[in-house]
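Okay, structure first, notes after.
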Amino acid sequence: MKILASAKITKGWDHWKSVFESDRHKQIRSDAGVDVVGYGYHPETGRAYVVQEVVSMETMQKVMVENQNAFDEVGVDMSTMQMIPLEG
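So in numbering that gives the first Met the number 0, spot 12 of the sequence shown is number 11, and the numbers just go up one at a time.
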């Protein structure tokens, strides 16, 4: 299933992108079976958007719980996180 994830970022786009693209974060996603389709940033809202393909929403939730430190490192305000299942 595909998911659109969105959240406000707290450490700036350049930092978010650098950490998100790091080998460590790629490995976390790979180990969890999360494939990134694409990502972007909306400067007016300060939100990052990521389209991901995962086995299930439950899998994504498990990844988030088990890797909270990775979200902190990348600079995501978890209180603003939105996960939208996509069709098609």
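Just so it is clear, CB atoms sit at the ideal spot from N, CA and C, and this is done for glycine as well.
One thing to note: Val62 has its Cβ within 9 Å of the Cβ of Val33. Counting along the chain, no alpha helix (DSSP H) covers Glu20, and no H or E run does either. With respect to Gln81, Ala6 sits close: the two C-beta atoms are nearer than 9 Å.
Ala69 is not a Cβ neighbour of Ile2, given a cutoff of 9 Å. Take Val18, set aside five residues on each side of it, and the residues of its chain with a beta-carbon closer than 7 Å to its own are His24, Glu72, Val73, in chain order.
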